[in-house]
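The block underneath contains the structure these notes are about, expressed in structure tokens.
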Amino acid sequence: MKNEKGSSLIVVLLIITLISVFSLVIMSSTVNSRLQFNSTEKTNVSTDIAEMGITHYYTLFKKLAKEAYSDADTETIDWVKKYSKNNKSKDEPTQQEIIDYFNEQFCSNLLNYQEVKINYESIFPIENEKYQLYVTNSPSETACAKTLNTLEFTFTSIGEFEKQKKELTGTITMNKGNEINDPAPSHPPDSNHFKYIVNNKIYNKYYDGSVYFKERIDMNGNSKELVINGDAYFAKGLVLNGNVTLKINGNAYFLDVRKNGSSGNICVTGQTFKIQDSTLIPYPLPGNSCSSNNDKWDPDSLNIDVEYN
Numbered sequence: 001m002k003n004e005k006g007s008s009l010i011v012v013l014l015i016i017t018l019i020s021v022f023s024l025v026i027m028s029s030t031v032n033s034r035l036q037f038n039s040t041e042k043t044n045v046s047t048d049i050a051e052m053g054i055t056h057y058y059t060l061f062k063k064l065a066k067e068a069y070s071d072a073d074t075e076t077i078d079w080v081k082k083y084s085k086n087n088k089s090k091d092e093p094t095q096q097e098i099i100d101y102f103n104e105q106f107c108s109n110l111l112n113y114q115e116v117k118i119n120y121e122s123i124f125p126i127e128n129e130k131y132q133l134y135v136t137n138s139p140s141e142t143a144c145a146k147t148l149n150t151l152e153f154t155f156t157s158i159g160e161f162e163k164q165k166k167e168l169t170g171t172i173t174m175n176k177g178n179e180i181n182d183p184a185p186s187h188p189p190d191s192n193h194f195k196y197i198v199n200n201k202i203y204n205k206y207y208d209g210s211v212y213f214k215e216r217i218d219m220n221g222n223s224k225e226l227v228i229n230g231d232a233y234f235a236k237g238l239v240l241n242g243n244v245t246l247k248i249n250g251n252a253y254f255l256d257v258r259k260n261g262s263s264g265n266i267c268v269t270g271q272t273f274k275i276q277d278s279t280l281i282p283y284p285l286p287g288n289s290c291s292s293n294n295d296k297w298d299p300d301s302l303n304i305d306v307e308y309n
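Those letters in the sequence shown? Residues 1 to 309, per the UniProt record's numbering, in order.
In structure tokens, the structure reads:
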């Protein structure tokens, strides 16, 4: 009888011991899960805050880039107005000189903003917490060199929640754009597209609209000038001899172009094409000082990539 009671007591004690052990294991697992959950929650919140920093700075950078562009535009217009006074050998700067000046002013304006300088740092409170935002790299003068077509700007946003931090890296890129966004036509425009139809080789010095020349145009001798405020179509071709001036504020279509001598002033602001078998072939006009290829920095091309560290 005593042995049975002793055995029962041992079994009870063993059960109590096992329950205690399992309880400790379960409690430890619960505590670990809870700690892990809390850590994950803090990481998620700090990541959200860091993402807010990325969005904030990208929006700010875009605003500053547009302001820098607008200021550079105004400064370039003023520079062009003063150019003829300071450079008596030339009447006006070439299109490429204008673009180069604009790009220099744009980069200078952008890099002068306090928020764009290296080591810019800003701390913003959010619901009694904070996220940190600071620039780790910024474009230098070499990043704005004429030979580059992409400006790259890297910054870091750190989100912090209850001493848990998350760091994100944002990379903003900006490209040089082309203001000529119209797709290239595949076929020559009909003569009805033009305001003036010129049937012979005699032409005016100035046309206030688009012109269709049915005959070949020969521009000969010094001080010859042809200015067209619109598109121009040379059905039988164009010959440029000597010191002549040709300005077309639009697209130009040529059967062929012959230029005798290196002097003269040619400016076509639009696209230039050769007419070949009733189709249009893009044709970079030699000596065109107003090429439509635009190498200006374009704030609308801004893009951002985010790296989760």
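Ideal Cβ positions, reconstructed from N, Cα and C, are used throughout, including at glycine.
Between the CA atoms of residue j and residue i - distance to the nearest angstrom
| i | j | result |
| --- | --- | --- |
| Leu111 | Asp71 | 13 angstroms |
| Lys82 | Gly170 | 41 angstroms |
| Glu225 | Thr245 | 5 angstroms |
| Leu280 | Asn192 | 18 angstroms |
| Thr74 | Thr59 | 23 angstroms |
| Asp277 | Ser108 | 48 angstroms |
| Lys176 | Gly237 | 34 angstroms |
| Asn251 | Lys166 | 54 angstroms |
| Asp305 | Asn103 | 24 angstroms |
| Thr272 | Leu255 | 11 angstroms |
| Lys201 | Ile172 | 55 angstroms |
| residue 329 | Leu302 | This structure cannot settle anything about residue 329, because the visible part of the chain is limited to 1 through 309. |
| Thr40 | Lys62 | 33 angstroms |
| Cys290 | Ala235 | 22 angstroms |
| Ser210 | Asp48 | 57 angstroms |
| Tyr196 | Asp208 | 9 angstroms |
| Val80 | Tyr283 | 28 angstroms |
| Ile275 | Gln96 | 27 angstroms |
| Arg216 | Thr55 | 58 angstroms |
| Tyr253 | Asn220 | 20 angstroms |
| Lys247 | Ala68 | 31 angstroms |
| Val45 | Tyr57 | 19 angstroms |
| Tyr308 | Phe153 | 17 angstroms |
| Phe161 | Ala50 | 10 angstroms |
| Val239 | His187 | 23 angstroms |
| Asn181 | Asp78 | Residue confidence is low: Asn181 scores 45 on pLDDT, short of 50, so the model does not pin down where it sits. Its coordinate-derived value is still stated next. Roughly 26 angstroms between the two C-alpha positions. |
Cβ-Cβ separation, residue j to residue i (assumed contact under 8 angstroms), whole Å
| i | j | result |
| --- | --- | --- |
| Lys66 | Pro299 | 5 angstroms |
| Leu148 | Met174 | Leu148 to Met174, Cβ: 10 angstroms. No contact. |
| Val227 | Lys214 | In fact, because the Cβ distance is near 20 angstroms, the residues do not count as touching under 8 angstroms. |
| Ile99 | Asp295 | 5 angstroms |
| Asn229 | Asn249 | 5 angstroms |
| Asn241 | Asn265 | Going by Cβ atoms, the distance from Asn241 to Asn265 rounds to 14 angstroms, so no, they are not a contact pair. |
Contact under 8 angstroms by Cβ, residue i with residue j
| i | j | result |
| --- | --- | --- |
| Tyr233 | Pro189 | yes |
| Val116 | Leu64 | yes |
| Asn288 | Val257 | no |
| Trp297 | Phe106 | yes |
| Tyr206 | Phe194 | no |
| Ser157 | Gly270 | no |
| Tyr101 | Thr76 | yes |
CB contact check: residue i to chain D, cutoff 8 angstroms
| i | result |
| --- | --- |
| Ile217 | Although the question refers to chain D, the structure presented lacks it and comprises just one protein chain. |
Per DSSP, cross-strand counterpart(s) of residue i
| i | result |
| --- | --- |
| residue 329 | Nothing about residue 329 can be reported from this structure: the residues present for the chain run from 1 to 309 only. |
| Tyr233 | Tyr212, Tyr253 |
| Val227 | Tyr206, Lys247 |
| Met52 | None; Met52 has no bridge partner. |
| Glu167 | Ile158 |
Beta strand (DSSP E) runs wholly inside the region 184–220, at least 3 long, in chain order = List check, beta strand (DSSP E) in window: 196–198, 211–213, 217–219.
Which runs of the beta strand (DSSP E), 3 residues or longer, sit entirely within the region 239–287?
-> 244–248, 252–254, 257–260, 265–268, 272–276, 279–282
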